[in-house]
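Residues in the sequence shown are numbered from 1 upward in steps of one, following the working numbering.
Have a look at the structure below before the remarks.
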Amino acid sequence: MQDSLAHKGAKATLAAYFDCDTGTGYKLIDEGDAGAVKLAFALLPVAHGCQWESIAFSISHAMTTNPTVTMGLLAQHDILDPCVPGMNNETPPRTLAILDDAQRAYESVTDPALAKVKQKCLAELKEFRAAQPTH
Numbered sequence: 001m002q003d004s005l006a007h008k009g010a011k012a013t014l015a016a017y018f019d020c021d022t023g024t025g026y027k028l029i030d031e032g033d034a035g036a037v038k039l040a041f042a043l044l045p046v047a048h049g050c051q052w053e054s055i056a057f058s059i060s061h062a063m064t065t066n067p068t069v070t071m072g073l074l075a076q077h078d079i080l081d082p083c084v085p086g087m088n089n090e091t092p093p094r095t096l097a098i099l100d101d102a103q104r105a106y107e108s109v110t111d112p113a114l115a116k117v118k119q120k121c122l123a124e125l126k127e128f129r130a131a132q133p134t135h
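Structure follows, in structure tokens:
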């Protein structure tokens, strides 16, 4: 994907890897692949509609699968705020499990340069959790 961006540009890369329904790039971002997450931040400014939404959703997943890389990019870019993981109509127990996973991932970040982003994300998780139903 990085070669596509470098040689063909952002629009061609979005078309090749980020189709709204079946784009293969989303899975790499979800998994926290460092190159894919970095690419996602580069593509967001030119993505539109469902591509932008899906890339942002995948970045929110990367916050749990590779929080150090993703928080590092968040510290450099003021494009979005994916501290609360993306969810789609999850049951209350599943929502709490997702929030628990995110909290563990964020707490695992030890880089002092990311302390501000880490604390911000932990605070947002706490606030979001407090607003959830308990059953």
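Backbone N, C-alpha and C fix where the C-beta goes; we use that ideal spot for every residue, glycine too.
The alpha helix (DSSP H) enclosing residue i, as first and last residue numbers
i	result
residue 31	Premise fails: residue 31 is in no alpha helix (DSSP H) and is neither H nor E.
residue 69	67–76
residue 103	92–107
residue 128	115–130
residue 167	Look at the range of the chain in this structure, 1 to 135, and you will see that residue 167 is not part of it.
C-beta contact flag for residue i and residue j at 9 Å
i	j	result
residue 84	residue 56	no
residue 66	residue 16	no
residue 114	residue 68	yes
residue 25	residue 36	yes
Residue i versus residue j - alpha carbon distance
i	j	result
residue 118	residue 20	30 Å
residue 133	residue 27	30 Å
residue 9	residue 63	26 Å
residue 5	residue 112	31 Å
residue 40	residue 2	10 Å
residue 128	residue 86	12 Å
residue 45	residue 81	14 Å
Close Cβ partners of residue i (< 6 Å) along its chain, the five nearest in sequence each way excluded
i	result
residue 23	17
residue 73	41
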